[in-house]
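Counting from 23, one number per residue, gives the positions in the sequence shown under the numbering used here.
Backbone N, C-alpha and C define an ideal beta-carbon position, used for all residues, glycine too.
Note that the structure is predicted; figures quoted are calculated from it, not measured.
Working notes, structure below.
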Amino acid sequence: MKVMKTLKRCSIFILCLLSLLRWELTVQSDLGNNDTDVLVVGVPADRCPVFYLDPETKETTGIGVDLMRVAAEEAGYSVSFKIISEKTNKDALDNPEYDIIMPFGSAIKSSSGKESIVTENLIQTPFTMVTKGNKNLPAINESHIGMLSSLAGGAETVKQLYPGIGITLYDTMQECVKALRAGEVDALMHNSYVWSYVLQKPSYSDLKVQPATMFSMDFRAGALNTPEKRVIVDRLNTGIDKLSDTRKQAIVLDYTSRRLYQNDFWDYIFEYRFILVPGTIFFVLFVIGIVHRQRAIHRQQEEKIRELKERDPLTGVLNLEGFTKRVEELLLTHPENQYLLSFSNIKNFKFINESMGRETGDELLRFWAQKSTATFSDEEAMGRITGDRFAVLRKFTDAEQMGIDEKEVFEPLRNYFTDRGKEIQLQICTGVYAITPEDHKNIDVDRMLDYARMAEKKVRETLKTGYEFYNPEQWEKGKQIVDISGHLPAALQGGEIQVWYQPQVDYTSGIISGAEALCRWKHAKLGWISPGVFIPTLEETGMIFDLDSFVWDKVCQDLHRWNMEGKRHSVSVNLSRSDIREDRNIPGIFYELTKKYDLDPDQLRIEITETAYVENPGFLIKNTSELREYGFQVEMDDFGSGYSSLHMLKEVPVDRIKMDLHFLTGSGDMEKSRIIITQVIKMIDLLGMKLIAEGVETKAQADFLEEIGCKEMQGYYFYKPMPVDDFEKAWDKV
Ligand code: C2E
Ligand code: MG
Ligand code: MG
Numbered sequence: 023m024k025v026m027k028t029l030k031r032c033s034i035f036i037l038c039l040l041s042l043l044r045w046e047l048t049v050q051s052d053l054g055n056n057d058t059d060v061l062v063v064g065v066p067a068d069r070c071p072v073f074y075l076d077p078e079t080k081e082t083t084g085i086g087v088d089l090m091r092v093a094a095e096e097a098g099y100s101v102s103f104k105i106i107s108e109k110t111n112k113d114a115l116d117n118p119e120y121d122i123i124m125p126f127g128s129a130i131k132s133s134s135g136k137e138s139i140v141t142e143n144l145i146q147t148p149f150t151m152v153t154k155g156n157k158n159l160p161a162i163n164e165s166h167i168g169m170l171s172s173l174a175g176g177a178e179t180v181k182q183l184y185p186g187i188g189i190t191l192y193d194t195m196q197e198c199v200k201a202l203r204a205g206e207v208d209a210l211m212h213n214s215y216v217w218s219y220v221l222q223k224p225s226y227s228d229l230k231v232q233p234a235t236m237f238s239m240d241f242r243a244g245a246l247n248t249p250e251k252r253v254i255v256d257r258l259n260t261g262i263d264k265l266s267d268t269r270k271q272a273i274v275l276d277y278t279s280r281r282l283y284q285n286d287f288w289d290y291i292f293e294y295r296f297i298l299v300p301g302t303i304f305f306v307l308f309v310i311g312i313v314h315r316q317r318a319i320h321r322q323q324e325e326k327i328r329e330l331k332e333r334d335p336l337t338g339v340l341n342l343e344g345f346t347k348r349v350e351e352l353l354l355t356h357p358e359n360q361y362l363l364s365f366s367n368i369k370n371f372k373f374i375n376e377s378m379g380r381e382t383g384d385e386l387l388r389f390w391a392q393k394s395t396a397t398f399s400d401e402e403a404m405g406r407i408t409g410d411r412f413a414v415l416r417k418f419t420d421a422e423q424m425g426i427d428e429k430e431v432f433e434p435l436r437n438y439f440t441d442r443g444k445e446i447q448l449q450i451c452t453g454v455y456a457i458t459p460e461d462h463k464n465i466d467v468d469r470m471l472d473y474a475r476m477a478e479k480k481v482r483e484t485l486k487t488g489y490e491f492y493n494p495e496q497w498e499k500g501k502q503i504v505d506i507s508g509h510l511p512a513a514l515q516g517g518e519i520q521v522w523y524q525p526q527v528d529y530t531s532g533i534i535s536g537a538e539a540l541c542r543w544k545h546a547k548l549g550w551i552s553p554g555v556f557i558p559t560l561e562e563t564g565m566i567f568d569l570d571s572f573v574w575d576k577v578c579q580d581l582h583r584w585n586m587e588g589k590r591h592s593v594s595v596n597l598s599r600s601d602i603r604e605d606r607n608i609p610g611i612f613y614e615l616t617k618k619y620d621l622d623p624d625q626l627r628i629e630i631t632e633t634a635y636v637e638n639p640g641f642l643i644k645n646t647s648e649l650r651e652y653g654f655q656v657e658m659d660d661f662g663s664g665y666s667s668l669h670m671l672k673e674v675p676v677d678r679i680k681m682d683l684h685f686l687t688g689s690g691d692m693e694k695s696r697i698i699i700t701q702v703i704k705m706i707d708l709l710g711m712k713l714i715a716e717g718v719e720t721k722a723q724a725d726f727l728e729e730i731g732c733k734e735m736q737g738y739y740f741y742k743p744m745p746v747d748d749f750e751k752a753w754d755k756v
């Protein structure tokens, strides 16, 4: 009984002891597990193959994940990995959502400055540097390297290991590589496992691993230094201790032996660039070629349709519609051309058709068209208006052209049948309309054709055959334009144009005070032609500037020569009203001439005709003022011959008035003219302007002018315009 009691007491004691032990174990386990065995590990995801998101399962995976998983499981945890949302692990330390964070090389302070603790080393990770090409790196302690900013913790460890190193952090690997390529850093540093992945990218093939710079860093998990975290770290350490090297190496090998990198779109583009670039160029050129071809085909079709609509099927020349259109086009695009529009008709065509058959008549028409167009340029056109009526738009470049056309086209045509042994002479009537500058502006082909037709009718009715002009005076004018404007360049080159001088005198002393330069043209075909003829023509065709520039240059050459000989003169040159245009800096041109020939500006007096000021006052006054600012003398030419007004005398800033004596010699009451001139001279004097009278032909005129206060004179009474040699002699004599 006593034994039984003792046994019962012993068993109660053992039970109590067991209960106590169980309670103790439960408390211990509660402390370590934080109520649960799940461990939340914060990891980055931008470091394949160490930490990354599996593209298929969308789960966090990698060497680091697997190492931690096995270590934690050895320690009795079930792990869950959470991708850290903070920029760096240092920031993540302060986030209570993670039980522990990885990776860390060593314990560092959190971003808020709290101390941290780290686990035992999970594995030694190799770190290495990558350079652009095989660049020689300075010693690691002196180099400047780039790292990912998410590796800020690692960067701190590196800095502890190599205090001399310079580190710049970049947000992405692309930025790291850009900085390396731009030479901002000597090398990039990262985990070798990560490099083995990153460098698979085709466009990084220029980056080279530097094996000599390899060093290893610890790979640990870390957390803030708190009692709870210390328990976790201690428990994890038991798991880490249990991991054999072989197991760790197997994990590493598993990830590093796989090709984890998958080419993205741009990688493919980069990889196949040598095919893609020429391929794309070829494709683009191909498309351009096709588009061009399509357009060409379209144009050809349009051209064909136009041909059908606008061509005469019998002769191949244009029909009335086509001819009208072409004439409009040509007159619009070639305003510079002198054109004749002719209308021709075979008087006895009806007889030919009836006696020799239609086929022969058709042959004749084809012959005519072919003979005419054979001599044409692109700027000419021929049209068959109806039956045997043809119209031609012909450009004429010289006056002999009518004769040439007569010989080459009309003569063979007239003799068409006689040349073929038949006794018929063709009778051709032609009416010609010489196209005027006005026609180029208001193009009305119907009207022009009517004029030519009217002239043709006149030939048909009055004469038997031949041609007649509707407007012969325009034809004469046209010929003159061709002879003058068309020939000007050759005349300037060939020395046909000379500069003559007409001396100006001081009547009281008889001294030559200056001269006016006047151009003279001995035309190769027309002989001497008067400026009164060629100046207006050149003004009309816009070529006067070419002539004037030539004259000004020649005058400046003469002035320079005289200066060199110690004879300083002043010469007046004429400036045409059409020389002064917005796009021509006339004052600048004269200034350049004085520089070129080393002249004083007051040696040039620039004559601008009075009428020019009336036509375009604002712009002319501006130019005159600028010329005077440069120091040139400006003269108002032909004063009194046109529209002189008191207003103009007030507004126009000239130095000298050149009074035209026509006023004195013209019709009307001479006495009144004298009174007016006397008063005008007084007024000019009072206005502070100088005065010269031109066209002085008699002693009486000169005496009168002197008497009323005008001393400077120019005119036949003193000298006529003369060649430069004679002028120099005349000057020397005085
Ligand atoms: P203009 O500028 O009024 O020149 C004076 C004109 O009067 C000159 O005619 C001259 O020979 C003429 N003349 C001079 N004294 C007398 C005289 O006592 N009696 C008569 N009846 N006439 C006299 P020219 O040389 O035939 O020149 C005519 C016009 O042609 C000039 O009139 C001028 O406006 C212009 N001209 C001449 N050469 C040039 C030039 O190189 N460029 C420009 N733009 N125009 C020029
Ligand atoms: Mg003049
Ligand atoms: Mg004059």
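Boundaries of the beta strand (DSSP E) in which residue i is found, first to last residue
i	result
D152	Here residue 152 is Val; the residue named in the question, Asp, does not match the sequence. Unbroken beta strand (DSSP E) run through V152: I145 to K154.
G425	That residue, G425, is in no beta strand (DSSP E); its alpha helix (DSSP H) goes Q423 to D427.
A456	I450 to A456
Q655	Q655 to F661
Y613	Y613 -> not in any beta strand (DSSP E); alpha helix (DSSP H) instead, spanning I608 to K618.
Cutoff 6 Å; reference residue i; Cβ partners in own chain excluding five residues on either side
i	result
P609	E648, L649 and Y652
D113	S133
G536	Q526 and S592
I730	T700 and I703
M681	F661, G662 and A715
Q520	R542
D659	E629, T631 and K680
G188	H166
L727	A715
Sequence-distant residues of its chain with Cβ nearer than 7 Å to residue i (five each side left out)
i	result
V87	V65, F73 and F103
K486	Q449
E561	S598 and S600
D528	S535, K733 and E734
M26	Low per-residue confidence applies at M26: pLDDT is 49, beneath 50, and the placement is therefore not dependable, though the value from the model is reported in the following sentence. Here the set comprises nothing.
G383	F371, I374 and N375
Cα-Cα separation between residue i and residue j, rounded to whole angstroms
i	j	result
T302	K251	60 Å
T452	R583	58 Å
N247	K157	43 Å
F389	E490	23 Å
F740	V504	37 Å
F304	D193	39 Å
P745	G405	52 Å
L75	I297	33 Å
V759	S128	A question about residue 759 goes unanswered here, because the residues of the chain that appear run from 23 up to 756.
T408	S366	11 Å
E178	T268	30 Å
P118	I105	14 Å
S51	E142	Summary for S51: the model assigns pLDDT 42, below 50, so the residue's position carries little reliability; its value from the coordinates is reported in the next sentence. About 21 Å.
Start and end residues, alpha helix (DSSP H) containing residue i
i	result
E478	V467 to T484
T302	R295 to E332
V349	L342 to T355
T382	R380 to T395
R650	P639 to E651
Chain-order list of residues whose beta-carbon lies under 8 Å from that of residue i (same chain, five-residue window excluded)
i	result
F612	W574, P623, L626, I628, L649, Y652 and F654
V274	I85, I145 and Y215
V756	G532, I533 and I534
S218	P71 and T278
Residue i: CB within 7 Å of a non-hydrogen atom of ligand 4
i	result
E719	Absence of ligand 4 is noted for the structure shown, with ligand 1, ligand 2 and ligand 3 being the only ligands found.
Complete alpha helix (DSSP H) runs within the stretch 199–234 (minimum length 4 residues, chain order): Segments of the alpha helix (DSSP H) lying fully in the stretch 199–234: 214–220.
Complete runs of the beta strand (DSSP E) confined to the stretch 45–123 [at least 3 residues]: 60–65, 73–75 and 100–105
Entirely enclosed alpha helix (DSSP H) segments - the stretch 560–589, minimum 4 residues: 566–586
Beta carbon shell of ligand 2 at less than 6 Å from a heavy atom: E538, N596, E629 and D659
Length-filtered (3 minimum) beta strand (DSSP E) runs lying within the stretch 490–538: 519–528
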